[in-house]
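Chemist: Counting the sequence shown from 1 gives a position; our numbering is that position plus 8.
No residue lacks a Cβ here, since even glycine has one placed at the ideal position from N, Cα and C.
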Amino acid sequence: MTQPPLPHTARPTRRQRSTSRSGVVLRRWKTPKGDLIVSLLTPQGKLRAIARGGLRGKHAGALNLFHHVGLQVYARPGDDLAVIQQANLEGALPRLALPERHAYAHLLAELADLLFQEGEEGEYGQQAFDLFTAALRGTAHHQDPEWVALVMSYKLLGLAGFPPRTRACVRCGAPDPAHPDPFGGELLCGRCSHQRALSPSSLEFLRSVMRRSVRENMDCPVPAEDRAPLWQGLERFVGVQVGKVRSWPHLHAG
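(1) Figure out for me which residue from Ser216, Phe137, Arg175 has the closest Cα to the Cα of Thr50.
(2) Comparing alpha-carbon positions, which option in His150, Leu79, Ala100, Arg84 lies nearest Arg109?
(3) Using the Cβ count rule (16 or more neighbours within 10 Å means buried), how would you classify Ser221?
(4) Look at the Cβ atom of Ser30, then the Cβ atom of Gly69, and state whether they are nearer than 7 Å.
(5) If you scan the segment 173-258 from start to end, which runs of the alpha helix (DSSP H) of 4 or more residues do you find wholly inside it?
(6) Just reading off the alpha helix (DSSP H) that Gly53 is part of, what are its end residues?
(7) What do you get for His260, buried or exposed, if any count of 16 or more other CB atoms within 10 angstroms of its CB means buried?
(8) For Thr39, count the other beta carbons within 10 Å of its own beta carbon; 16 or more makes it buried, fewer makes it exposed. Which is it?
(9) Please return the same chain residues whose Cβ sits closer than 8 Å to the Cβ of Leu196, not counting the five positions on each side in sequence.
(10) Can you list, in chain order, the residues of its chain with a C-beta nearer than 7 Å to that of Thr147? Leave out the 5 residues immediately preceding and following it.
(11) For Phe4, count neighbouring C-beta atoms within 10 Å of its own C-beta (all shown protein chains included) and say buried if the count is 16 or more, exposed if not.
(12) Where does Gly78 fall in DSSP's three states?
(13) Which value, in whole angstroms, describes the spacing of the CA atoms of Asp43 and Ala57?
(14) Check Leu158 in the structure and name its three-state DSSP category.
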């Protein structure tokens, strides 16, 4: 005996698999077939999607790096990539193309792509999206984009659960370490390190950046001449704790 057809409301349809998303483009790369794959950070977590036709497709202009776009995507259960049906530009920060700002925006986007995963919905996903978009806006418009990028890089690490340890030596546990760890990017005491101690302003930043708000951090900038050890520590810490970041050479060149 044949089964009766499913009611129309229970039958899976294309409409049920299409969703609207809004996010910022973190990465984009072309496939051998000429399609364009993009990674975006959205309030619902990270999204990876494919635009058929790649750089020749009708959506390619909207899917540039750092663009805020609205998407209509289609995904079937089990698909690794959603298919972009429509992409509309919702916002852009053209000042990020300036040489003195571009490398910092690349670093922030690459960090966000490494730190945040797909499907992180709820408050955490919204917090990550809000923090990252604020980082891009600050990098685009603030008179000191280096300081914005430094503060926001550490804040992104903290939100993702990777705060550097600063209150005790990472080797022996002695309190109030003041010397950089040349391998792990955290702090060592004088007995465990042969490196010169960080400046008072750099130490104060490392010990307070996670508990202070973004505004409080921005109001207490570390002098430019004291920032190199903070960048070096950040690069080493990210390399050990998170993964390889390709943006560092461009940052050093700038």
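Modeler: On the basis of the supplied data:
(1) Phe137
(2) His150
(3) exposed
(4) no
(5) 208-216, 222-226, 236-249
(6) First-last for Gly53: 53-59, but that is the beta strand (DSSP E), not the alpha helix (DSSP H).
(7) exposed
(8) exposed
(9) Cys177, Val178, Arg179, Pro185, His187, Pro188, Asp189, Gln203
(10) Leu104, Arg109, Tyr112, Ala113, Leu116, Pro153, Val156, Ala157
(11) This structure cannot settle anything about residue 4, because the visible part of the chain is limited to 9 through 262.
(12) strand
(13) 10 Å
(14) helix
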